[in-house]
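Participant: When we follow my numbering, the leftmost residue of the sequence shown carries the number 1, and every step to the right adds one. Sending over a structure as structure tokens; questions will come in a sec.
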Amino acid sequence: SVRSWGRFSLFVGLGLSVLTGAGVVLLLRDRSPRAQHTIALGVLGLVLFTTWTGPWKLIPVEPRPVDLWLAEQPGNQPLMQYPIGEALSGQGMWYTRYHGRPVVFGYGTYFPFLFRERYPELLDFPEEDALDWLAEWDVQFVLIDLEALEKLPHDSREKFELSDVESQSRLRYVTTIGDQAVYELKH
Numbered sequence: 001s002v003r004s005w006g007r008f009s010l011f012v013g014l015g016l017s018v019l020t021g022a023g024v025v026l027l028l029r030d031r032s033p034r035a036q037h038t039i040a041l042g043v044l045g046l047v048l049f050t051t052w053t054g055p056w057k058l059i060p061v062e063p064r065p066v067d068l069w070l071a072e073q074p075g076n077q078p079l080m081q082y083p084i085g086e087a088l089s090g091q092g093m094w095y096t097r098y099h100g101r102p103v104v105f106g107y108g109t110y111f112p113f114l115f116r117e118r119y120p121e122l123l124d125f126p127e128e129d130a131l132d133w134l135a136e137w138d139v140q141f142v143l144i145d146l147e148a149l150e151k152l153p154h155d156s157r158e159k160f161e162l163s164d165v166e167s168q169s170r171l172r173y174v175t176t177i178g179d180q181a182v183y184e185l186k187h
């Protein structure tokens, strides 16, 4: 289904392709066979050049060390990832394949209704209102991507300091594995 206006650009691209083809046919008419081949090769080269996206940056498709650690932990309570941008990047959902735990963030074309409703409070992590929601959702572990947190702009609403997390009595530091700090939420 076409749920995004941007996807209608497919029809624009299709129309432009038909018009371009008609223009090339008119351009090739009344030309010598040699000129037709040269023009056709030039158009083909131009099409290939404009559709080339360059080399793609690939990411390894493997679990993070923290995902292997989470898989070994007893229980099956949900977890939360911070900064929120990391949780919503799509990779957070992929990592659930390795640790097998439910997550309270979601990723898709549209956020679940409850997540949209509660998203503003979750941005205030590690404040009490964010922890209240996480506790209501029975979150056991909170992961903090230290590298991503460091890269956030200082004026970002998502930005918080680890000292604020450490001073929060409802969060207990468990471990740091790779660039992921793990905290347990006390209920």
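Think of the CB as a built atom: it goes at the ideal place given N, C-alpha and C, for glycine as much as any other residue.
Whole angstroms is fine: what's the gap from VAL18's alpha carbon to LYS57's?
Facilitator: C-alpha separation (whole angstroms): 32 Å.
Participant: From the DSSP output, read off the bridge partner residues of THR176.
Facilitator: For THR176, which the question treats as bridged, DSSP gives the partners ALA181.
Participant: So, PHE125 versus LEU79, is the Cβ gap smaller than 8 Å?
Facilitator: Taking 8 Å as the Cβ cut-off, PHE125 and LEU79 do not qualify as a contacting pair.
Participant: Could you work out which residue in ILE59, ASP67, VAL24, LEU162 is closest to LEU46 when comparing CA atoms only?
Facilitator: Minimum Cα distance to LEU46 is reached at VAL24.
Participant: Have a look at VAL104 and LEU70 and give me their C-alpha separation to the nearest angstrom.
Facilitator: When rounded, the distance between both Cα atoms is 15 Å.
Participant: Within this structure, are the beta carbons of GLN168 and ASP145 separated by less than 8 Å?
Facilitator: No, the pair does not count as a contact, with Cβ atoms beyond the cut-off.
Participant: Within the stretch 11-69, note down every full alpha helix (DSSP H) run reaching 4 residues or more, in order along the chain.
Facilitator: For the stretch 11-69, whole alpha helix (DSSP H) runs of length 4 or above, ordered along the chain, are 33-51.
Participant: If you run the structure through DSSP and keep just helix, strand and coil, what is GLN73?
Facilitator: Here GLN73 sits in coil by DSSP.
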